Each structure stands twice: as structure tokens, then as C-alpha cells.
Amino acid sequence: MIPEHDVIIVGAGFAGLYSTIHAERAGLDILGLEAGDDVGGTWYWNRYPGARCDVESIDYSFSFDDALQREWRWSERYATQPEILRYLNHVADRFDVRRHYRFGERLAAASWDERAQRWDVRTESGFQASARWLVMATGGLSKPQLPDLPGRDDFAGEVLQTSAWPEDPVDLRGKRVAVIGTGSSGVQAIPLIAQDAAELTVYQRSANYSVPAFNRTLDDDEWQRQQDDLARRRELSWNGAAGSPWTSHPVPFADADEHERRAVFEESWTRGGVLFAKAFQGLTVDPVINDAARVFFEQKLAERVPDPETRESLTPRDHPVGTKRICTDTGYYETFNEPHVALVDLRREPLAAVTATGIRTADEHREHDVIVYATGFDAMTGALTAIDIRGRDGRSLREEWTGFPSTYLGIALPGFPNLLVLNGPGSPSVLSNMALTSEQQGDYALRIIAHCRQQGHTSIEARSDAAAAWTAHSLELADRTLFGSAPSWYTGSNIAGKARGFLPYIGGFKNYIDRCEEVAAADYRGFVLSSR
Ligand code: NA7
100 MIPEHDVIIV GAGFAGLYST IHAERAGLDI LGLEAGDDVG GTWYWNRYPG ARCDVESIDY
160 SFSFDDALQR EWRWSERYAT QPEILRYLNH VADRFDVRRH YRFGERLAAA SWDERAQRWD
220 VRTESGFQAS ARWLVMATGG LSKPQLPDLP GRDDFAGEVL QTSAWPEDPV DLRGKRVAVI
280 GTGSSGVQAI PLIAQDAAEL TVYQRSANYS VPAFNRTLDD DEWQRQQDDL ARRRELSWNG
340 AAGSPWTSHP VPFADADEHE RRAVFEESWT RGGVLFAKAF QGLTVDPVIN DAARVFFEQK
400 LAERVPDPET RESLTPRDHP VGTKRICTDT GYYETFNEPH VALVDLRREP LAAVTATGIR
460 TADEHREHDV IVYATGFDAM TGALTAIDIR GRDGRSLREE WTGFPSTYLG IALPGFPNLL
520 VLNGPGSPSV LSNMALTSEQ QGDYALRIIA HCRQQGHTSI EARSDAAAAW TAHSLELADR
580 TLFGSAPSWY TGSNIAGKAR GFLPYIGGFK NYIDRCEEVA AADYRGFVLS SR
């Protein structure tokens, strides 16, 4: 007998936990499925040294429960992976979430049964279940990508991946370690790996912009100030473009003189990390502002890396500032000043093959004991196309998404009734604070479900024209910025054969919420509701 539920929620990260807590409050019978052995999502898997969130801890936490907000004491300005994982475990305990989940169950297939108006799902272990609603909280950066390098599997040493780092401690002391990849994960891991390794060689295909985190322990005074300011901070976050309280300098770049420009860049630099992209409004839109930010960055880099050749290799050349997510580092560039750390610039010296004992480039063979892959993710679509999802009339999501994904508000897909995707392509999630987007997305999905139940509808589905219009609107907004000119996971260009196009909605978190609210207020305009 296959168990039947009201809703199946896939994933137990921020979005899955939030949705499960609130689906229970809405009186739904829930089954949660999670591939990991416990809750945490991204923060369950990414256990590499140095893993941290680049959104401040006070903001990167749930806002829905005041007691929860007040009782959890973050220890640092930017929380480490272990601390965020402890937090999510605390949330799971506090709201007794685990009893809804089956852990260690990776969804393999889901198909819509039109007659029964239900989704039938099967996991890789063969477990089956069915539900009227299928909520995918599978994460935007959860399908790791391991590059198909020649000879990759010949390497006889130890292979590690930042996004699937072992739970047991990894001892790199005395070892010759290679790291491939210099996105946020590589940039965070490299300084800590360098502390242990006898030799560290970093293989860099493209240089990224990285700005120091200016991380610090939150002492009691700062914590108290944050607590006193929390209501204002949350309000700004909910009304902001990226779900955080930070805004750009109020004076437009064009109206500021040289002195003011310098002061603004300096101030936003010391705010830390990704916030540098917010220095002036329009920094990722106007090439003139962007170039001024680039010049400022390069001056800072010169202070951090004295050697001109190393510095040249570390200077980003393939994208404007902020159009790939700015990395947030602690001592990243300084690591390359250490005598036992080498940078291999793959632009000058392409990677030829992995061998049994190391890595061969066009110029040289280098021996390694360990290779660490920090090579990113098949972002926003990869976790969904990994599953054989069949909608109305057997339509395959995987096949449809060989083209650019068409979604309505990022949450609904034409041809896939009652499938609700949280933080999907066409939503602002990965450009925004995931803790708050997960709340908004979970709420919206549950409101759709509640609306259908109240009205006696058994299914809801995005209309194709509504999805096409939303997707065109989202792409058009991206075209007005400099983002499209950057090869990045935002545009799918990090994955061979993936359709190109800017995946997240770039119109801002608050604008996105407003659009969702307009649709709801207009009786879910753009959706087809039906009853059987
Ligand atoms: P990213 O940002 O996608 O970085 C992946 C890195 O791996 C990047 O430097 C890539 O170079 C590099 N890469 C990928 N494939 C290869 C091959 N074949 N050879 C050499 N180098 C390669 O992923 P992260 O995990 O660091 O960060 C993802 C997000 O997580 C981040 O933006 C935050 O939001 C949190 P490339 O730049 O493509 O030339």
C-alpha cells in the first residue's frame, strides 16, 4: 500500500524546514524527503574548511518566530557552516520537524497522475509515496559539478570535493594539496588548507573579485545592539532588493566628487564581502561606475599581493565587478604571499590532464597527494533535472529544461500541476538572503495550497503564456544590467550544454514579493485552477 499524503516536501534545508513547520500549522499531512541523513541542506553537505555564509548571521536566520530569533545567539558576524548547521538542528528540534521526514532518501522520480490528481514519487532506494502537492525545496546550489577532466579518475591520491566534504576530520598536514576552483568555496577553503598543507597549488581558471569579510566575534555589546535594532533590520531586509538591511550610498555616483567616491568605496569595502557591489546604486548596471569600482579593487589588491606576476593572475579579467557573486574572504589573497603556496593560472597554462600522481598542464606536471575540487554547481535547475519529473501527459521536466526554464514567478511550471518549486529559476533567491526568500517562498506555496483547498480545486497550474511573459520579463531585466556579459553559474555558462540565460529574477526581493502579491490578489491570475 503506497502511503498518501497531502503534501510531499523535498529537502530539509532552510526552505524545506520552514515549509514543513508551516504546512503542519496549516493542518496538512506531510511527508518530507531528504537525501542527507539529517536536516541542513547546503549546510549539511558543504563541510569544507572555512565554509561560511556571506550574509551576516543576524540576517541569515529565520524571522518568523520572535522567541527563536531572540534565543539563538550567533557567535560571529558571519557564521561558520558548523554553527549554521547547529542552528538548523535547533530549529528542527524546537518545532519537532524531523518526525515528518524520511532521511537518506533521494528523490529519483515523480509523476503526475491526472486521474487521481496526485503526484506519485519514488526515491533511489525504491520507497514510494503519493501526495496531492509536491513542494521542491531542493536548493539552488545543491547539484555539485565535477568537471570531466581527462584522466580525472586515474588519480591515485585522495580526492575531495568542497560540496561533499567528509564528516570525519580530514588531515592535510604534511600533504601536497591541489585545489581546482576559485569561486566562493575555493576562496574560503584555500587559506585554511594552506595552514595545514606542506604545499598548496591552486589551479585558477578565472580570477574572481574577492573582498575581505571583516569578520569578527560578536561580543555582548554588539550582540545587544543588533538585538535592539532587529525589528528595523528585518523591516529593511523585507523591503530591500536583496533581503538584507544594507542599501547603497544615497548620492548618485554622477553627483559625487572624487573624494566622496573614494570615501564611499572605502566604506562599502569595510562593510565586507558582497556588500561592496552595493557601494553605489547602479554599480552592476553602469559601466562607468563599475569601472571605478574595478580601479578601487585593483588598488586594494596591490596592497594585498606585492608580487606583480601573482597579482596579475589574481586580477579578474572576464567579468565586471559584482556580476559573478563577489567572494567574501578571510586572508585569501595574502595566502599567495606564502612560500609554500603556488598559483597556476590556467589562462596562461591550460590544464591538460589529471594523472595518477598529480596534474599536468601545458607547461608542467606537478605531483599532489590530494586534489580538492571546488568546482561549483549546476545552479538553480540541476537539482530538479536530476530527478525524472513527469507532468501532464508525461511531459518531462528534464527534456523541457534542455531549453531555458520557463517558470511563473519562479514557483510554478506550465504542464506540471501542483508542483511548487521554492527558490526556483525566475525567483530572486540566489541573489537574496535565502533565509527570508525561503520564508516568502514557503508561505506563497502554502497559500496557493490553502486557496485551492478552500475553493475546492484539486489542481493549479501556471498558464504557458503567463510563464513565458514572466520569464521574458526576468530576462529583459537582466539585459538591462552588466550581468549578462559575465560567464557564471547565474547564466548557466559553467555547465557544458546548459541553455544560457540569466536564471534568477534580478528585479529585487521586494519587487518580486509585490508581483507575487498582485497575482494572489487577482485571484491567482496566470494560473489555471481546476476541480475533479
Ligand atoms: P563557483 O562560484 O561556480 O566556482 C567554481 C570554480 O571552479 C570557478 O573558479 C570555476 O572557474 C572553477 N572551475 C569549474 N570547472 C573548472 C574546470 N573544468 N577547470 C578549472 N576550473 C574550473 O562555485 P562555488 O562553490 O565556489 O560557489 C558557488 C556559490 O555558493 C557562490 O557564488 C555563493 O553564492 C555560494 P570559472 O570561474 O568557471 O572559470
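To convert a position in the sequence shown, counted from 1, into my numbering, add 99.
All C-beta atoms, glycine included, are put in the ideal place defined by N, C-alpha and C.
For clarity, every value in this text was computed on a predicted model and none was experimentally measured.
Hey, out of the options, whose CA is closest to residue i's CA?
| i | options | result |
| --- | --- | --- |
| residue 288 | 149, 326 and 422 | 149 |
| residue 225 | 265, 581, 205 and 304 | 205 |
| residue 507 | 565, 296 and 620 | 565 |
| residue 344 | 330, 354, 351 and 357 | 330 |
| residue 600 | 179, 573 and 186 | 573 |
| residue 624 | 561, 603 and 609 | 561 |
| residue 546 | 432, 293, 232 and 318 | 232 |
| residue 241 | 611, 516 and 480 | 480 |
| residue 571 | 552, 602 and 613 | 602 |
| residue 135 | 252, 145, 518 and 316 | 145 |
| residue 334 | 535, 317, 198 and 391 | 535 |
| residue 271 | 252, 262 and 296 | 296 |
| residue 298 | 304, 319 and 276 | 276 |
| residue 555 | 319, 631 and 509 | 631 |
I believe residue i touches residue j by the beta-carbon criterion, under 8 angstroms. Please report the beta-carbon distance rounded to the nearest angstrom.
| i | j | result |
| --- | --- | --- |
| residue 348 | residue 379 | 6 angstroms |
| residue 426 | residue 531 | Incorrect: roughly 18 angstroms between the Cβ atoms, too far for contact. |
| residue 314 | residue 411 | With 8 angstroms as the limit, residue 314 and residue 411 do not qualify as a contact, their Cβ atoms being about 28 angstroms apart. |
| residue 208 | residue 486 | 7 angstroms |
| residue 116 | residue 196 | 6 angstroms |
| residue 130 | residue 236 | Not a contact, Cβ separation roughly 13 angstroms. |
| residue 519 | residue 301 | Residue 519 to residue 301, Cβ: 41 angstroms. No contact. |
| residue 178 | residue 151 | 6 angstroms |
Whole angstroms is fine: what's the gap from residue i's alpha carbon to residue j's?
| i | j | result |
| --- | --- | --- |
| residue 387 | residue 524 | 29 angstroms |
| residue 337 | residue 155 | 15 angstroms |
| residue 181 | residue 142 | 8 angstroms |
| residue 597 | residue 409 | 33 angstroms |
| residue 124 | residue 112 | 18 angstroms |
| residue 147 | residue 579 | 36 angstroms |
| residue 109 | residue 354 | 49 angstroms |
| residue 369 | residue 311 | 8 angstroms |
| residue 593 | residue 259 | 20 angstroms |
| residue 230 | residue 265 | 34 angstroms |
| residue 210 | residue 216 | 11 angstroms |
| residue 269 | residue 451 | 28 angstroms |
| residue 405 | residue 398 | 11 angstroms |
| residue 294 | residue 613 | 47 angstroms |
| residue 201 | residue 133 | 6 angstroms |
| residue 517 | residue 199 | 20 angstroms |
| residue 171 | residue 118 | 20 angstroms |
| residue 595 | residue 246 | 9 angstroms |
| residue 446 | residue 461 | 11 angstroms |
| residue 244 | residue 103 | 34 angstroms |
For residue i, does the count of other Cβ atoms within 10 angstroms reach 16, so buried, or fall short, so exposed?
| i | result |
| --- | --- |
| residue 422 | buried |
| residue 440 | buried |
| residue 591 | buried |
| residue 166 | exposed |
| residue 464 | exposed |
| residue 584 | exposed |
| residue 544 | buried |
| residue 358 | exposed |
| residue 101 | exposed |
| residue 341 | buried |
| residue 475 | buried |
| residue 477 | buried |
| residue 444 | buried |
| residue 324 | exposed |
| residue 522 | buried |
| residue 316 | exposed |
| residue 153 | buried |
| residue 303 | buried |
Are residue i and residue j close, meaning C-beta to C-beta below 8 angstroms?
| i | j | result |
| --- | --- | --- |
| residue 557 | residue 629 | yes |
| residue 415 | residue 306 | yes |
| residue 114 | residue 541 | yes |
| residue 383 | residue 582 | yes |
| residue 250 | residue 453 | yes |
| residue 468 | residue 256 | yes |
| residue 538 | residue 162 | yes |
| residue 548 | residue 515 | no |
| residue 158 | residue 332 | yes |
| residue 418 | residue 587 | yes |
| residue 290 | residue 456 | no |
| residue 473 | residue 261 | yes |
| residue 391 | residue 360 | yes |
| residue 609 | residue 339 | yes |
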